[in-house]
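First comes the structure, then the notes that go with it.
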Amino acid sequence: MERRALLSALGVVGLSTLAGCDESRSPDEPTTDSRATPRRDYPDGAGPDHIDFSTLESDDETVLQAPRVHWDSFAIVYSEPPGRRRVEGDYYVNSSTGAVISHLWYGAKDYRNGDAYAYVQPAERIPDDRRREEYESDPSFVYDDETDAYYRYDRQYGQVAPTNVGRHTEILEHYGWEATDTSTHYGVPVIEYQLSAGEPGDSRVPPATEGTLLLGVENGIIYAFDLTVDGDEGELRYTYSVRPAPFPDHSWVETARTVAGANSSAERTESG
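The opening residue of the sequence shown carries number 21 in the working numbering; numbering runs sequentially from there.
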C-alpha cells in the first residue's frame, strides 16, 4: 500500500457516524454477530482489542485492488476540515480495466490505465500566479484555449508517481481500537471497531475524542472510518469511505490526447 507523507499538525478527527457507516448498512443488510459475542476471526494484524496497521499494510492486497472482486467500480472518498488539508485526492477505480481516476485539489484530475497517463487542470481553478507559471513553463503540459485548461498525455508513461492512496488512513495508527461488532459494508463482511485510546504517542498529533472504523474480514482493508480529534480551534472531523460508485466520465482524456498530439506535431514541424 502506498505510504507516507508527514503528519505534522493534523487538524483531527471526530467520529460520529462513520464515513460510510451510515451508508455501510442498509435495513436489508443485518449484522451477523452481537456485541455480546465478539468475533474470533480477524485478518492478520488485527484482534479484538488492537490493530497493527503495519501488519495490515504488509499484505499484497491494497485498497486499489481488493474491492474489485466485490464491485464493478468503486470510489475512495475522503473528507477533512476546511483549512486543514492533509491528503489530496478522491479516487475512482474501474474494476474490469484497472483504470484509476483521481479528483485532485483545484479541480484537477488525472487518469491512469496501464502505461497511459492523462491530466487536466482547468485554468480558472488555478489558485495563484506561481502555480500558473509552473504549468506554463512545464513542457509536458499544453494549454488549450477552447477548453481553457492545461493538459498532459503520455501514452507510455510507465511507472506513474505514487498516488496518495493509503495515506488517508495513516491518522488512525496513532490511537487504540477495540472490536465491537461485525456487519457488512455494501455486501463486504467487516469488523466494526471503536476508539479505545484517544491519546496519541506523538506530541504532534492531537488527541481523538470519538472514532469508528470498518475493517475487512477477508483482507484487512479499511473500508471506512469516522474520526473526531481535539484540535487547537475545537473538534475536527475526518471521514473516509471505500464504496461502490460509477466510474466517472473521462471524455477529457481524449481531449488531452488530441491536444498533446497536435502540440507534438507542431513542434516536429517547427524543428524540421
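By construction, the Cβ of each residue, glycine as well, lies at the ideal position given by its N, Cα and C atoms.
Own chain, CB closer than 6 Å to residue i, minus 5 neighbours either side, in chain order
i, result
"residue 76", "65 and 240"
"residue 272", "140"
"residue 107", "184, 187 and 188"
"residue 160", "172"
"residue 97", "110 and 261"
"residue 69", "198"
"residue 71", "197"
"residue 250", "226, 227 and 229"
"residue 125", "108"
"residue 163", "170"
"residue 174", "137"
"residue 127", "142 and 145"
Strand pairing of residue i, partner residues [DSSP]
i, result
"residue 139", "130 and 172"
"residue 112", "95 and 121"
"residue 228", "249"
"residue 194", "Answer by DSSP bridge pairing: none, since residue 194 is not bridged."
"residue 204", "209"
"residue 199", "213"
"residue 163", "170"
"residue 66", "71"
"residue 244", "261"
"residue 256", "249"
"residue 235", "211 and 242"
Cα-Cα separation between residue i and residue j, rounded to whole angstroms
i, j, result
"residue 278", "residue 136", "14 Å"
"residue 193", "residue 90", "26 Å"
"residue 269", "residue 176", "22 Å"
"residue 202", "residue 115", "26 Å"
"residue 111", "residue 145", "19 Å"
"residue 120", "residue 134", "10 Å"
"residue 132", "residue 156", "23 Å"
"residue 87", "residue 62", "18 Å"
"residue 148", "residue 281", "28 Å"
"residue 150", "residue 105", "20 Å"
"residue 205", "residue 283", "46 Å"
"residue 235", "residue 264", "16 Å"
"residue 266", "residue 214", "30 Å"
"residue 274", "residue 195", "45 Å"
"residue 200", "residue 233", "10 Å"
"residue 212", "residue 73", "15 Å"
"residue 245", "residue 158", "38 Å"
"residue 117", "residue 92", "10 Å"
"residue 154", "residue 253", "34 Å"
"residue 85", "residue 113", "9 Å"
Close-in-space but distant-in-sequence residues of the same chain around residue i (CB under 7 Å, 5 per side omitted)
i, result
"residue 122", "109, 111, 129, 130 and 183"
"residue 81", "239 and 241"
"residue 67", "none"
"residue 208", "90, 236 and 243"
Assumed close pair residue i, residue j - CB separation to whole angstroms, cut-off 8 Å
i, j, result
"residue 83", "residue 262", "6 Å"
"residue 260", "residue 210", "About 13 Å separates the two Cβ atoms, so there is no contact after all."
"residue 216", "residue 190", "Not really, about 19 Å apart at Cβ, beyond 8 Å."
"residue 138", "residue 276", "4 Å"
Residue i Cβ short of 7 Å to the ligand MG heavy atom set
i, result
"residue 235", "Ligands displayed in this structure: none; no statement on the ligand MG is therefore possible."
Close-in-space but distant-in-sequence residues of the same chain around residue i (CB under 8 Å, 5 per side omitted)
i, result
"residue 152", "143 and 146"
- the region 98-113 touching the region 224-236, judged by at least three CB pairs closer than 8 Å: no
- Query: So, do the region 161-177 and the region 214-221 have three or more beta carbon pairs nearer to each other than 8 Å?
  - Reply: no
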